[in-house]
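Step one of this worksheet: look at the structure below.
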Amino acid sequence: MDFFSILTLVGGLAMFLYGMQVMGDGLEKLSGGKLEKILENLSSNRVKAVLVGAAVTAIIQSSSATTVMVVGFVNSGIMHLSQAVGFIMGANIGTTVTAWILSLAGIESSNFFVRLLNPNSFSPILALIGVVFIVFLHDEKKKDIGNILVGFAVLMFGMNTMSGAVKPLAEVPEFTNILLKFSNPVLGVLAGALLTAVIQSSSASVGILQALCVTGAVRYGVALPIIMGQNIGTCITAMLSSIGATKNAKRAAIVHLYFNIVGTVTFMVVFYVLNGFLHFSFIEEVAGPAGIAVIHSAFNIIATLVLLPFGDMLVKMACATVRDTKEEKVISAEDQEFMILESRFLSNPGIAIEQSKTAARKMAEQSKTALNLSFGLLDDFQEETAFRVEKIEAKVDRYEDELGTYLIKLNQKDLSLEDSHSLSIMLHCIGDFERISDHALSIMKSAKEISEKNARFSDKAVQELHIMEKAVSDIVEKAYSVFANQDLRAAEEIEPLEEVIDELSRELKRRHVNRLRAGECTIEMGFVLSDITTSLERIADHCSNIGVCVTQVHEDLYDTHSHLDTVKNAPGEHFHHELEVARVNYMLP
Numbered sequence: 085m086d087f088f089s090i091l092t093l094v095g096g097l098a099m100f101l102y103g104m105q106v107m108g109d110g111l112e113k114l115s116g117g118k119l120e121k122i123l124e125n126l127s128s129n130r131v132k133a134v135l136v137g138a139a140v141t142a143i144i145q146s147s148s149a150t151t152v153m154v155v156g157f158v159n160s161g162i163m164h165l166s167q168a169v170g171f172i173m174g175a176n177i178g179t180t181v182t183a184w185i186l187s188l189a190g191i192e193s194s195n196f197f198v199r200l201l202n203p204n205s206f207s208p209i210l211a212l213i214g215v216v217f218i219v220f221l222h223d224e225k226k227k228d229i230g231n232i233l234v235g236f237a238v239l240m241f242g243m244n245t246m247s248g249a250v251k252p253l254a255e256v257p258e259f260t261n262i263l264l265k266f267s268n269p270v271l272g273v274l275a276g277a278l279l280t281a282v283i284q285s286s287s288a289s290v291g292i293l294q295a296l297c298v299t300g301a302v303r304y305g306v307a308l309p310i311i312m313g314q315n316i317g318t319c320i321t322a323m324l325s326s327i328g329a330t331k332n333a334k335r336a337a338i339v340h341l342y343f344n345i346v347g348t349v350t351f352m353v354v355f356y357v358l359n360g361f362l363h364f365s366f367i368e369e370v371a372g373p374a375g376i377a378v379i380h381s382a383f384n385i386i387a388t389l390v391l392l393p394f395g396d397m398l399v400k401m402a403c404a405t406v407r408d409t410k411e412e413k414v415i416s417a418e419d420q421e422f423m424i425l426e427s428r429f430l431s432n433p434g435i436a437i438e439q440s441k442t443a444a445r446k447m448a449e450q451s452k453t454a455l456n457l458s459f460g461l462l463d464d465f466q467e468e469t470a471f472r473v474e475k476i477e478a479k480v481d482r483y484e485d486e487l488g489t490y491l492i493k494l495n496q497k498d499l500s501l502e503d504s505h506s507l508s509i510m511l512h513c514i515g516d517f518e519r520i521s522d523h524a525l526s527i528m529k530s531a532k533e534i535s536e537k538n539a540r541f542s543d544k545a546v547q548e549l550h551i552m553e554k555a556v557s558d559i560v561e562k563a564y565s566v567f568a569n570q571d572l573r574a575a576e577e578i579e580p581l582e583e584v585i586d587e588l589s590r591e592l593k594r595r596h597v598n599r600l601r602a603g604e605c606t607i608e609m610g611f612v613l614s615d616i617t618t619s620l621e622r623i624a625d626h627c628s629n630i631g632v633c634v635t636q637v638h639e640d641l642y643d644t645h646s647h648l649d650t651v652k653n654a655p656g657e658h659f660h661h662e663l664e665v666a667r668v669n670y671m672l673p
């Protein structure tokens, strides 16, 4: 090989790896976190976990990505270590799909329809379709499909370029001699592990091995130990990901490593012992791409079938390697709750968005709980309940800090349009949730003041306040439902109710002044009532903000005043009808 042939080989390898990356990213974006949610939820049955792990990995084309996700699930407490075993084994099977796709490039026939099965025949068409999707279409999902198609075409082009560049090596004795050294099982395993560890993809390293097959110098006796080593080398990604994680997350990564090491050692010992007696003739034959795919799949399927019943033993081995220590810091239940915002998920934006949504919904529920507790304190003040409100408000503050920071990091990733909308809504709304919990705390303090002064509102004031509380509770429910379900129709019901709550606030203050003049109430209680009604009015404003935000993000409009003006003055009687219905439902006595 001359210098330019080497350049061609390097360029082909670069195109191959880049095509695999683009295709994998496109598949992951298209899944939108749905595949990862399946991983999270289907973990009760170990056999089912293997099947799901294999399916997810086959779709996103990366066992490393699946295993890193599993490490993240274990680290955040979403998945137990014993549940992770099946997914890890399944990921090893799913990653063999790539080798089968690449092996189709070896199909040769004079039959037109058989030739169409060869990726080299149809990948140019896929590339053309993909470019059309990317350049001329504006639908985000179709662009993702375009990236997948172009990525596959680039991958195949890189594969062909590599194959063409290494063909002259068949006539180079030095190359053949190097390959002969890898027929030594130990050297072959080490070479495969090192190559895969460097490029961090067993699919890519198997593809490189398949490309070398065109030289005719790669025998099955050489290919087999290299493939075994490639399964060990792919563990490097999960091992790196587990740095700084909890001990269980480290154990999940080690389970992946032990599974491949034990499987490789067992497979190699049995194979070479049998070969000593049976003298397998095929190991001296020249390996082809399809044969490489068969070995890759057979090893991972057999290893899974053999080791799946011993999954608990792998867990015990991992626990023995990463031991618990007495001085280890115990993670509190609250800290564990925030670990769903796992930094490892940031490399998988789809699942990071789903985890953020879960955290935002929990934040919303917490602020709503604080508000309901504070309403109860106005009727019956209890120190224990007041302390709960303070604790919840502090937790909501922490949610705003941690979720806000996480979302800002996530915003720097390549997101689908749908995920980008979800992120914008969360970034805008978490401040409103936090402010609602602040107002719940203010109401609690007003209730405490009433209790400490041993004062009370008049019966009429209590009755009127209950009606306003009911209206605020209802608008909060509507706003949280709109946020959780992205329901644009329900968002239309918020604004009329918000206007009624403003009217109730003004009317309650006016009636208090009348009672004050009649000597039925005191100035001091008037200040307390004003504080409470102001908090209730502000809560309704924040609910309005949530409804407007969800609507505007989906419509790509960000002028709040213009939006509200349009809602209130739109053609038709919808807003005014809803306004009248709300006035009737929350009419003061």
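The numbering used here puts the first residue of the sequence shown at 85, with every later residue one more than the last.
Every residue, glycine too, gets a C-beta built ideally from N, C-alpha and C.
query, result
"Beta-carbon proximity list for S526, same chain, < 6 Å, skipping 5 on both sides", "S619"
"Neighbour-count burial assignment, G276, 16 or more Cβ in a 10 Å radius", "buried"
"Validate contact between the stretch 305-325 and the stretch 142-159 using beta carbons, cut 8 Å, 3 pairs", "yes"
"Of the listed residues R445, P393, V290 and Y356, nearest to V378 (C-alpha basis)", "V290"
"Identified DSSP bridge partners for R303", "V370"
"Stretch pair the stretch 610-619 + the stretch 443-455: three plus CB contacts closer than 8 Å", "no"
"The stretch 348-367 touching the stretch 278-294, judged by at least three CB pairs closer than 8 Å", "no"
"Three-way DSSP call (helix, strand, coil) for S506 in this model", "helix"
"For E591, the first and last residue of its enclosing alpha helix (DSSP H)", "I578 to R601"
"Beta-carbon proximity of H380 to A183, cut-off 7 Å", "yes"
"L274 versus M397, M312 and R590, residue with shortest Cα-Cα distance", "M312"
"Distance, I177 Cα to N384 Cα", "5 Å"
"Cβ-based burial, K265 [other Cβ within 10 Å; buried from 16]", "exposed"
"G174 vs G137 beta-carbon contact at 7 Å", "yes"
"8 Å Cβ shell around D408 - same chain, five flanking residues per side excluded", "K331"
"Beta carbon of G686 nearer than 7 Å to that of D223", "Absent from the structure is residue 686, since the part of the chain shown begins at 85 and ends at 673."
"Cβ-based burial, H660 [other Cβ within 10 Å; buried from 16]", "exposed"
"Spatial distance of F541 from V560 (CA atoms)", "25 Å"
"Own chain, CB closer than 8 Å to D586, minus 5 neighbours either side, in chain order", "E621 and A624"
"Cβ neighbours of T348 in the same chain (closer than 7 Å, five flanking residues each side left out)", "V273, M312, N315 and I316"
"The stretch 455-472 touching the stretch 532-549, judged by at least three CB pairs closer than 8 Å", "yes"
"Expected contact under 8 Å - CB spacing of V399 and K334 to nearest Å", "Their Cβ separation, rounded to whole angstroms, is 13 Å, which puts V399 and K334 out of contact at 8 Å."
"Limits of the unbroken alpha helix (DSSP H) element including M671", "Run containing M671: none; DSSP gives neither H nor E here."
"Buried/exposed call for D485, threshold 16 Cβ in 10 Å", "exposed"
"Touching by the beta-carbon criterion (3+ pairs, under 8 Å), the stretch 473-481 and the stretch 600-612", "no"
"Check whether V155 and S325 have beta carbons under 7 Å apart", "yes"
"Spatially closest choice to E438 from N456, G395 and M510, by CA coordinates", "M510"
"DSSP state of G328 mapped onto helix, strand, coil", "coil"
"Residue from H550, S440 and V597 whose Cα sits closest to the Cα of L494", "S440"
"Local Cβ density within 10 Å of G515, reported as buried at 16 or more and exposed below that", "exposed"
"Helix, strand or coil at F465 [DSSP, three-state]", "coil"
"Whole-number beta carbon distance between L425 and Y490, since they are thought to touch under 8 Å", "5 Å"
"Local conformation of I604 per DSSP, three classes", "Note on identity: in this sequence residue 604 is Glu, with Ile being the wrong assignment. Here E604 sits in coil by DSSP."
"I376 and L293 closer than 7 Å at C-beta", "yes"
"Residue nearest to L473 in terms of C-alpha spacing, selected from M528, R428, V584 and L135", "The question names Leu, yet the displayed sequence has Val at residue 473. Closest option to V473, Cα to Cα, is M528."
"A539 - containing alpha helix (DSSP H), residue span", "Run containing A539: none; DSSP gives neither H nor E here."
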